[in-house]
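Novice: These protein sequence lines are chains A and B, in that order.
Residue 381 is where the first sequence starts when you use our numbering, and the numbers rise one by one after that.
Residue 381 is where the second sequence starts when you use our numbering, and the numbers rise one by one after that.
C-beta: ideal position from N, C-alpha, C; glycine also.
Number of protein chains: 2
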Amino acid sequence: MPVTIRDVARLAGVSPMTVSRVINGGQNVLQETSQRVQQAIAELGYVPNSLARGLSGQRTRTLALILPDVANPFFTRIVQGAEAVAREAGYQIILCNTDGQLEREAASLQAMLAYRVEGIVIAPVGDTSQGQLSQMAGYGVPLVLVDRAVAAVEGDLVQGDSVGDARRLVQLLTDSGHQRIAMIAGQSYVSTSRDRQAGYRQALEAANLAFDPALVVPSEFDIESGYRATQRLLWLKERPTAIFAVNNLVAVGAVRALREHRLATPDDVALVCFDDIDYASLLCPFLTVMAQPAESYGTIATDMLLERIGGQSNEPSRRVVLSAELIVRESCGTRRTQAYG
Amino acid sequence: MPVTIRDVARLAGVSPMTVSRVINGGQNVLQETSQRVQQAIAELGYVPNSLARGLSGQRTRTLALILPDVANPFFTRIVQGAEAVAREAGYQIILCNTDGQLEREAASLQAMLAYRVEGIVIAPVGDTSQGQLSQMAGYGVPLVLVDRAVAAVEGDLVQGDSVGDARRLVQLLTDSGHQRIAMIAGQSYVSTSRDRQAGYRQALEAANLAFDPALVVPSEFDIESGYRATQRLLWLKERPTAIFAVNNLVAVGAVRALREHRLATPDDVALVCFDDIDYASLLCPFLTVMAQPAESYGTIATDMLLERIGGQSNEPSRRVVLSAELIVRESCGTRRTQAYG
DNA sequence: GTTCGTTCTGGTAGCGTTACCAGGATAGTA
DNA sequence: TACTATCCTGGTAACGCTACCAGAACGAAC
């Protein structure tokens with residue numbers, strides 16, 4: 381039923397090989413022949429079968445992009461960056477969503493392996509991904525990690541300077557005199573969480589503030605989790621005067637909790653976080669954020685991946701670290717308020 | 381280099397066919413043989429080649445999901461719904477982003493055809509997609525449209541009751557006494573835009589308000605476009621007292637413009653729109669929205685698609701219409717203010 | 001005229017899997 | 001014993017494409 385290369389060949393009065401050549405750029409094909417073939421293709425509505433092409437040619441021109449949460453604008457930006465580069469290079473991207481679950485990540489990796497993608501860009505679930513990621517390397521599939529680092533995994537890495545950026549962000553709070561600064565910290569098996577916590581402690585230290593473990597609460601990376609973590613913080617006998625949220629969604633949850641407790645931001649509790657939201661300029665407290673160049677994460681990671689695939693660069697493991705941009709709005713309580721967005 | 385079914389067969393001391401049977405559920409295979417094969421699979425780290433499977437078996441167990449803007453939370457929700465259903469059914473989803481561009485949609489459709497996906501869920505660019513969508517039907521690929529209808533396209537459809545929902549939304553404004561209600565209308569080649577505009581006019585009529593073409597400005601569906609459209613409205617000699625935005629992102633742009641003009645919402649200008657944002661409860665004006673059940677769009681569309689693929693139901697074209705939920709917050713200026721989100 | 005190179009074209013084989021058919025073994029029935 | 005039914009297994013031939021090799025045609029160079 382479906383039209384094959386043979387049907388086209390028959391109609392054009394040539395061999396399948398010639399049709400194949402025309403499809404693939406038409407090197408060494410008579411102009412006239414080529415036109416006849418193209419006409420036959422149009423007439424029959426022939427669409428080359430990618431499966432057969434991939435199977436035969438060993439090249440699928442497909443990449444995988446595996447992310448923990450496509451609903452998070454930060455990751456959506458990465459998608460956009462990656463897509464642009466891939467499209468430019470004639471590659472198709474298959475997007476997978478792991479929801480931060482290790483098993484779903486494993487399933488996605490397995491599926492992408494089965495699809496014979498030529499490379500994978502992944503923001504891993506966390507350190508626990510180490511086993512399955514190393515396995516990928518074992519299969520010879522080029523791997524580029526974005527955002528989150530995982531020890532002992534062969535592959536390039538594009539990430540933010542979480543330690544330094546967190547330090548800068550918290551310093552903003554210490555500079556305005558805050559003494560009890562809490563952190564909603566994410567999960568310790570995620571490198572960004574650990575690093576941001578390290579930066580947080582550095583900032584405290586620099587300001588000669590004691591580290592209080594009670595002020596650091598773990599969380600997931602979604603709104604709901606940020607909400608609950610904030611509630612726990614607000615129930616403390618000695619309430620924090622400022623909160624550092626590990627990412628944007630957690631901060632949104634924090635805002636909700638603060639509202640419910642009738643606490644004003646930043647007057648009662650200041651709030652800062654990582655990752656901007658496009659709509660952040662509209663959030664009531666005008667969130668002060670550390671905006672990571674997410675789109676660049678996507679473009680750079682994909683560029684690096686394509687280089688590996690192309691065979692350029694055989695260095696063992698490259699690592700790109702990008703600094704974030706500090707966008708100071710009202711929520712941190714400093715008076716250096718900026719205009720919208 | 382890569383491990384094939386033959387390698388597994390050799391190690392397990394059976395034929396490739398037996399290995400194939402084990403992979404596919406192991407009907408009619410001796411328990412003992414099956415175990416031997418599975419052990420060989422594990423030992424060699426064998427991953428079946430999906431390309432070969434698809435080519436040989438004519439079933440790729442893959443669906444395409446083509447959307448105009450994955451960065452829009454509305455569509456992201458659709459993704460989540462679709463993914464859940466697909467995963468449950470053992471299908472992989474390939475996500476494509478068209479950016480609302482017809483050519484990119486055409487390219488995606490072509491690519492998905494080449495990948496031999498078994499079906500496509502698509503929120504089309506607009507009426508202009510008609511040609512390329514009909515073509516898909518011609519190729520025998522089941523199609524389900526979501527959100528946006530396109531005339532004369534064979535395939536199921538899941539959409540909102542844009543006319544009725546828009547009427548309800550605008551009625552909220554007329555009920556509070558607004559006389560000059562503007563609409564940022566999207567593009568007329570998109571069904572949702574047209575329908576919402578129809579609902580808008582119905583509501584005006586019901587309130588005995590004259591329709592003023594100057595108050596209806598076209599737009600894209602993104603923040604930037606909403607911003608510019610709002611500016612145009614605010615430059616009018618007789619400024620509107622309320623704005624109905626065709627979707628969430630446009631509304632966000634509107635908020636920005638209103639802010640810049642130092643106009644308060646809802647006191648100076650009321651604002652309502654379609655589609656919620658998770659963070660909407662945090663937006664300063666507490667946007668009043670018509671929240672469409674986006675996730676259901678995704679699940680229902682995918683369910684219908686799988687039914688078609690499975691061969692159940694040969695009705696010509698089914699159409700599912702879902703009503704949205706009106707979430708009244710402060711931005712519309714009625715005093716029936718609700719609690720956060 | 002022979003040799004070589006270049007340009008175009010076609011045949012064959014194989015990519016890794018499964019559909020389909022066939023056959024051997026075992027057990028149950030007459 | 002013979003016949004059928006059932007369970008398990010293997011061989012062969014595709015699926016649609018491209019790598020690879022080979023050959024034909026033509027002109028250029030010796």
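Listed from N- to C-terminal order along the chain, which residues in the stretch 627-639 of chain A have their beta-carbon within a distance smaller than 7 Å of any beta-carbon of chain B?
Specialist: Of all residues in the stretch 627-639 of chain A, Val632, Val635, Arg636, Arg639 have a Cβ within less than 7 Å of some Cβ in chain B.
Novice: With a threshold of 7 Å between beta-carbons, can B:Ser703 be considered close to chain A, or not?
Specialist: Residue mapping note: residue 703 of chain B aligns to position 323 of the second sequence, counting from 1. Closer than 7 Å: no.
Novice: What would DSSP say about A:Arg439, mapped onto helix, strand or coil?
Specialist: Position 59 of the first sequence, counting from 1, holds the residue named residue 439 of chain A. If DSSP states are grouped into helix, strand and coil, A:Arg439 belongs with coil.
Novice: In whole angstroms, what is the alpha-carbon distance linking B:Ala719 and A:Gly506?
Specialist: What you label residue 719 of chain B is simply residue 339 of the second sequence in a count that begins at 1. What you label residue 506 of chain A is simply residue 126 of the first sequence in a count that begins at 1. Summary for B:Ala719: the model assigns pLDDT 34, below 50, so the residue's position carries little reliability, and this model does not support an answer.
Novice: Please report the distance separating the alpha-carbon of B:Val497 from that of B:Arg439.
Specialist: For the purposes of this step, residue 497 of chain B is identified with residue 117 of the second sequence, where counting begins at 1. For the purposes of this step, residue 439 of chain B is identified with residue 59 of the second sequence, where counting begins at 1. Roughly 8 Å separates the two Cα atoms.
Novice: Distance, Cα to Cα, B:Thr442 vs B:Ser542?
Specialist: The count along the second sequence starts at 1 and reaches residue 442 of chain B at position 62. The count along the second sequence starts at 1 and reaches residue 542 of chain B at position 162. Taking the straight line from one Cα to the other gives about 31 Å.
Novice: Residues of the stretch 486-498 of chain A in Cβ contact with chain B at a cutoff of 7 Å, in chain order, please.
Specialist: So the list reads Gln490, Ala491, Leu493, Ala494, Tyr495, Arg496, given in the order they occur along the chain.
Novice: When the distance is taken between beta carbons, is B:Leu614 closer than 7 Å to B:Cys712?
Specialist: Locating residue 712 of chain B in the second sequence gives position 332, counting from the first residue. Locating residue 614 of chain B in the second sequence gives position 234, counting from the first residue. Against a cut-off of 7 Å, the Cβ pair of B:Leu614 and B:Cys712 comes out as no contact.
Novice: Looking at the unbroken beta strand (DSSP E) that takes in A:Asp507, where does it start and where does it end?
Specialist: Mapped onto the first sequence, residue 507 of chain A falls at position 127. Note, A:Asp507: premise wrong, no beta strand (DSSP E); not H, not E.
Novice: Between which two residues does the alpha helix (DSSP H) containing A:Val459 stretch?
Specialist: As a first step, residue 459 of chain A is located in the first sequence; it is residue number 79 there, counting from the start. Run containing A:Val459: 453-468, per the alpha helix (DSSP H) assignment.
Novice: As an exercise, report each continuous beta strand (DSSP E) stretch of at least 3 residues that is fully enclosed by the stretch 395-449 of chain A, in chain order.
Specialist: Whole beta strand (DSSP E) segments, 3+ residues: 442-447.
Novice: According to DSSP, is B:Thr717 part of a helix, a strand, or is it coil?
Specialist: Within the second sequence, residue 717 of chain B is the residue found at index 337, counting from 1. In this prediction, B:Thr717 has a pLDDT of 36, which is less than 50 and means its spatial position is unreliable; what the coordinates show is noted afterwards. Coil, per DSSP.
Novice: Per DSSP, what kind of secondary structure is B:Leu686 in: helix, strand or coil?
Specialist: Position 306 of the second sequence holds residue 686 of chain B. In the structure shown, B:Leu686 sits in a helix (DSSP, three-state: H, G or I).
Novice: Taking the alpha-carbon of B:Asp658 as reference, which of B:Gly393, B:Ala451, B:Arg416 has the nearest alpha-carbon?
Specialist: Counting from 1 along the second sequence, the entry for residue 658 of chain B is found at position 278. When each option's Cα is compared against that of B:Asp658, the closest is B:Ala451.
Novice: Have a look at B:Leu537 and B:Thr668 and give me their C-alpha separation to the nearest angstrom.
Specialist: To locate residue 537 of chain B, count along the second sequence from 1; it is residue 157. To locate residue 668 of chain B, count along the second sequence from 1; it is residue 288. Whole-angstrom Cα-Cα distance: 27 Å.
Novice: Helix, strand or coil, according to DSSP, for B:Gln472 in the structure here?
Specialist: Position 92 of the second sequence, counting from 1, holds the residue named residue 472 of chain B. If DSSP states are grouped into helix, strand and coil, B:Gln472 belongs with the strands.
Novice: The beta strand (DSSP E) spanning B:Val526 covers which residue range?
Specialist: Taking the second sequence and counting its residues from 1, one reaches residue 526 of chain B at position 146. Segment 523-526, the beta strand (DSSP E) holding B:Val526.
Novice: Run through chain A and tell me which residues come within less than 9 Å of B:Asp658, C-beta to C-beta.
Specialist: Residue numbering aside, residue 658 of chain B sits at position 278 when the second sequence is read from its first letter. What B:Asp658 touches in chain A: Ala451, Ile603, Leu629, Val632.
Novice: Is the CB of A:Asn694 under 7 Å away from at least one CB in chain B?
Specialist: Translated into the one-based positions of the first sequence, residue 694 of chain A becomes position 314. Judged by the 7 Å Cβ criterion, A:Asn694 is not in contact with chain B.
Novice: Give a yes or no on whether the minimum CB-CB distance between A:Ser711 and chain B is below 7 Å.
Specialist: Sequence index remark: in the first sequence, residue 711 of chain A carries index 331 (1-based). So, not an interface residue.
Novice: Is the beta carbon of A:Phe454 closer than 7 Å to that of A:Asp655?
Specialist: For the purposes of this step, residue 655 of chain A is identified with residue 275 of the first sequence, where counting begins at 1. For the purposes of this step, residue 454 of chain A is identified with residue 74 of the first sequence, where counting begins at 1. Yes, Cβ-Cβ distance for A:Asp655 and A:Phe454 is below 7 Å.
Novice: Using only the alpha-carbon positions, how far apart do B:Leu651 and B:Thr645 sit?
Specialist: Position 271 of the second sequence, counted from the first residue, corresponds to residue 651 of chain B. Position 265 of the second sequence, counted from the first residue, corresponds to residue 645 of chain B. Straight-line Cα distance between these residues: approximately 7 Å.
Novice: With a cut-off of 8 Å on the beta carbons, I'd call A:Arg576 and A:Ala546 a contact; round off their distance for me.
Specialist: In the first sequence, counting from the first residue as 1, residue 576 of chain A sits at position 196. In the first sequence, counting from the first residue as 1, residue 546 of chain A sits at position 166. Confirmed, about 4 Å.
Novice: Report back the beta-carbon spacing between A:Ser605 and A:Val630 to the nearest angstrom; my notes put them in contact at under 8 Å.
Specialist: Here residue 605 of chain A corresponds to residue number 225 of the first sequence, with the count starting at 1. Here residue 630 of chain A corresponds to residue number 250 of the first sequence, with the count starting at 1. Confirmed, about 6 Å.
Novice: Buried or exposed, going by whether 16 or more other CB atoms sit within 10 Å of the CB of A:Leu410?
Specialist: Walking along the first sequence from the start, residue 410 of chain A turns up at place 30. Flag for A:Leu410 reads exposed.
Novice: Give the C-beta separation of A:Ala704 and A:Gly520 to the nearest angstrom, bearing in mind that I take them to be a contact with Cβ-Cβ under 8 Å.
Specialist: Numbered from 1 along the first sequence, position 324 holds the residue referred to as residue 704 of chain A. Numbered from 1 along the first sequence, position 140 holds the residue referred to as residue 520 of chain A. That belief does not hold up - the Cβ atoms of A:Ala704 and A:Gly520 are roughly 34 Å apart, past 8 Å.
Novice: Quick check on DSSP: helix, strand or coil for B:Gln582?
Specialist: As a position in the second sequence, residue 582 of chain B is number 202, starting the count at 1. Three-state DSSP puts B:Gln582 in a helix.
Novice: Among the candidates A:Ser514, A:Ala469, A:Ala578, whose CA atom is the shortest distance from the CA of A:Leu489?
Specialist: Translated into the one-based positions of the first sequence, residue 489 of chain A becomes position 109. Of A:Ser514, A:Ala469, A:Ala578, the residue nearest in Cα terms is A:Ser514.
Novice: Whole angstroms are fine: how far does the CA of A:Asp449 sit from the CA of A:Leu685?
Specialist: As a working mapping, residue 685 of chain A is identified with position 305 in the first sequence. As a working mapping, residue 449 of chain A is identified with position 69 in the first sequence. Distance between the alpha carbons of A:Leu685 and A:Asp449 is about 21 Å.
Novice: Does the Cβ of B:Ala565 have 16 or more other Cβ atoms within 10 Å, making it buried, or fewer, making it exposed?
Specialist: As a first step, residue 565 of chain B must be located in the second sequence, where it is residue number 185. Classification of B:Ala565: buried, given that the 10 Å Cβ count is 16 or more.
Novice: Output yes or no for whether 7 Å exceeds the beta carbon distance between B:Pro762 and A:Ala444.
Specialist: In this structure chain B extends from 381 to 721, so residue 762 of chain B is not present and cannot be described.
Novice: At 3 residues or longer, what runs of the beta strand (DSSP E) sit wholly inside the stretch 535-611 of chain A?
Specialist: Complete beta strand (DSSP E) runs here, min 3: 536-540, 561-564.
Novice: Using a Cβ cut-off of 7 Å (strictly closer), state whether A:Ile458 contacts chain B.
Specialist: To locate residue 458 of chain A, count along the first sequence from 1; it is residue 78. False, the Cβ-Cβ gap to chain B never drops below 7 Å.
Novice: State the CB to CB distance for the pair B:Ala637 and B:Ala625, rounded to an integer number of angstroms; the pair is presumed to be in contact (CB under 8 Å).
Specialist: Working through the second sequence from its first residue, we reach residue 637 of chain B at position 257. Working through the second sequence from its first residue, we reach residue 625 of chain B at position 245. The Cβ separation is near 11 Å, so there is no contact.
Novice: Is the beta carbon of B:Leu391 sitting closer than 7 Å to the one on B:Ala422?
Specialist: Residue 391 of chain B sits at position 11 when you count from the first residue of the second sequence. Residue 422 of chain B sits at position 42 when you count from the first residue of the second sequence. No, the Cβ-Cβ distance between B:Leu391 and B:Ala422 is not below 7 Å.
Novice: Under a CB-based cut-off of 7 Å, is A:Val383 close to chain B?
Specialist: Sequence index remark: in the first sequence, residue 383 of chain A carries index 3 (1-based). So no, A:Val383 is outside the interface.
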